[in-house]
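Numbering (the numbering used here), first residue to last: 2 to 504.
From the three backbone atoms N, C-alpha and C, an ideal C-beta is built for every residue, glycine too.
Every value quoted in this text rests on a predicted model; they were computed, and no experiment measured them.
So the structure is just underneath, and the comments pick up after that.
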Ligand code: ZN
Ligand code: MN
């Protein structure tokens with residue numbers, strides 16, 4: 002089937018729990034980011050405000066408002082001069098007041114954008130609201146349980162323009178947004194913990210048509226992979242229907258992770274009427290330029306800026322950069338390692354690192370080694386120990402020295418892995434461990450000579466074949482030398498020595 006007959010048009014709606022100490026409109030603890038850390042008792046962080054008791058009054062959480070402004074600035078939004086809260090009325094057991102305090106026509110942020118894979122994705126709005134309680138339906142029972150700990154946790158809602166046209170761009174938008182929210186420390190945005198919840202709306206239309214198709218919404222997506230796969234699934238499902246000249250129904254669909262399929266949750270006959278009206282118990286929010294300027298000046302380097310800088314400054318490839326900046330601690334570790342390496346180069350004679358060309362020449366190889374060892378080996382060792390870079394005793398100084406040992410061929414790659422494991426385990430200096438454990442390459446000619454002499458004596462047939470012109474046997478002798486030294490011979494030195502002995 003040809004799916005490229007149709008152009009998918011995708012928009013995203015993303016809710017994120019903000020990492021504040023207290024809830025949005027009361028002083029109760031916001032324990033959303035402690036999920037998984039300790040046993041949280043249901044209904045332990047509640048009060049009259051977040052359980053909707055008559056007569057209780059909300060007070061807005063200033064930190065949460067600031068976090069939304071911060072996010073808006075990181076995403077190139079306009080910050081409203083004036084913003085307000087509204088009541089969104091609907092009935093549901095997880096909504097104790099019978100309405101959600103949200104924002105309707107005056108969100109804090111509007112008209113932003115985020116560039117994903119060279120496509121500019123417009124951000125319609127970012128507003129602030131409160132989370133609902135959490136209901137669970139124990140299997141085999143005829144009752145439901147409700148936990149109000151989540152009710153009133155600050156929730157930031159971001160809506161994009163329908164500017165996305167592929168499943169990959171949609172998933173990458175979510176990934177990039179998560180990286181930004183983590184970098185500016187407004188949320189951990191862990192999808193598995195429901196701290197970040199992505200909803201997709203998607204419609205298909207014939208390419209070059211100027212009309213949009215009927216929108217289908219997809220909910221219950223708890224990973225970036227399921228964002229991508231559910232969209233791919235919908236593109237195929239809707240293409241098939243359109244090919245058969247069938248109508249797409251305006252629906253809300255869920256995602257079945259097990260079967261990798263979307264399924265109907267409900268048909269939408271008309272848009273919900275929430276009878277929004279301004280929240281009378283909360284004041285209007287006013288943002289002056291000074292306040293906005295100050296927050297803007299405090300923004301840290303954003304992931305995309307960091308990727309660009311890492312590429313320019315250290316010659317990392319763009320793929321490596323993306324992996325290295327995903328985690329702030331690892332990005333800092335990488336950067337500190339590179340500056341140690343720069344200092345190491347500066348100490349070497351004949352290397353003028355102030356000369357841009359010289360620096361480029363050396364840094365290219367060093368950065369390739371550094372990125373390679375961090376991404377392919379160090380990360381693997383860390384995850385096998387279920388540790389982060391901050392939880393182990395590996396300093397950038399020692400890691401940089403480790404890189405220089407590989408750079409100078411003082412250790413082969415098999416032993417280098419052992420060395421790195423020891424460094425992580427003991428926090429020790431790589432040169433010391435190298436000596437103590439005998440992991441270093443044989444560097445002295447006098448150590449290598451008897452080994453080569455013995456090989457020449459052991460293989461007289463190969464020696465005479467080589468001498469009568471079979472030059473390819475050189476590889477055989479090098480191989481034997483490596484074998485005899487358990488790979489610790491410096492291959493270059495071995496080669497030179499063999500040639501010299503056989504000539
Ligand atoms: Zn409360
Ligand atoms: Mn919402």
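Near ligand 1, which residues have their beta-carbon closer than 5 angstroms to a heavy atom? 27, 29, 48, 50, 51
Check your understanding: Do you know whose CA, among 415, 440, 167, 115, lies nearest residue 5's CA?
Key -> 167
Worksheet item: Given a threshold of 16 other Cβ atoms within 10 Å of its Cβ, counted over all protein chains shown, does residue 99 qualify as buried or as exposed?
Response: exposed
Next on the checklist: Is there a Cβ of chain D sitting closer than 8 angstroms to that of residue 333, yes or no?
Outcome noted: Among the protein chains of the structure shown there is no chain D, as only one such chain exists.
>> Quick check on this structure: which residue in 103, 414, 217, 455 has the alpha carbon closest to the alpha carbon of residue 91?
In response: 103
Query raised in the report: Taking the alpha carbon of residue 220 as the point to measure from, which residue in 200, 421, 155 has its own alpha carbon closest?
Result: 200
Open item on the list: What residue range does the alpha helix (DSSP H) around residue 266 cover?
Closed with: Counting along the chain, residue 266 falls outside any alpha helix (DSSP H), though it belongs to the beta strand (DSSP E) covering 262 to 268.
Q: Pick helix, strand or coil for residue 70, following the three-state DSSP scheme.
A: helix
Exercise. How about residue 188: is its Cβ closer than 7 angstroms to a heavy atom in ligand 2?
Worked result: no
DSSP puts residue 256 in a beta bridge; with which residues?
263
Would you mind stating whether residue 439 and residue 395 have Cβ atoms separated by less than 8 angstroms?
no
Does any heavy atom of ligand 2 sit closer than 7 angstroms to the C-beta of residue 130?
yes
Inset, instruction - Starting from the C-beta of residue 162, find all residues in its chain whose C-beta is less than 8 angstroms away, skip the five residues before and the five after it, and write them out in chain order. - result: 12, 122, 123, 124, 125
Kindly give me the distance between the Cβ atoms of residue 479 and residue 496, rounded to whole angstroms, as I take these residues to be in contact under 8 angstroms.
6 angstroms
- Message: Are the CB atoms of residue 213 and residue 243 within a distance shorter than 8 angstroms?
- Response: no
query = Name the DSSP beta bridge partners of residue 160, please?
reply = 14, 126
Can you tell me whether residue 66 is buried or exposed, with buried defined as 16 or more other CB within 10 angstroms of its CB?
buried
Secondary structure of residue 48, DSSP reduced to three states:
coil
Where residue 340 and residue 332 are concerned, what is the direct C-alpha to C-alpha distance, given to the nearest angstrom? 12 angstroms
Report task. Please report the residue range of the beta strand (DSSP E) in which residue 88 lies. Result -> 87 to 90
Item to check | CB-CB length for residue 83 against residue 107, believed under 8 angstroms | outcome: 7 angstroms
* Determine which residues share a DSSP beta bridge with residue 204 and list them. => 10
Exercise for the section: Report the residue from 330, 305, 337 whose alpha carbon sits nearest the alpha carbon of residue 322. Expected result: 305
Pick from 370, 88, 327: whose alpha carbon is nearest that of residue 317?
370
Query - residue 367 (DSSP reduced to helix, strand or coil) - result: helix
Say yes only if the C-beta of residue 16 is nearer than 7 angstroms to one or more non-hydrogen atoms of ligand 2, and no if none qualify.
yes
Exercise. Taking all protein chains shown into account, do 16 or more other C-beta atoms lie within 10 angstroms of the C-beta of residue 431, making it buried, or fewer, making it exposed?
Worked result: buried
Next item on the list: Put residue 79 into one of helix, strand or coil per three-state DSSP.
Entry: strand
Check your understanding: By how many angstroms is the C-alpha of residue 174 removed from the C-alpha of residue 393?
Key -> 32 angstroms
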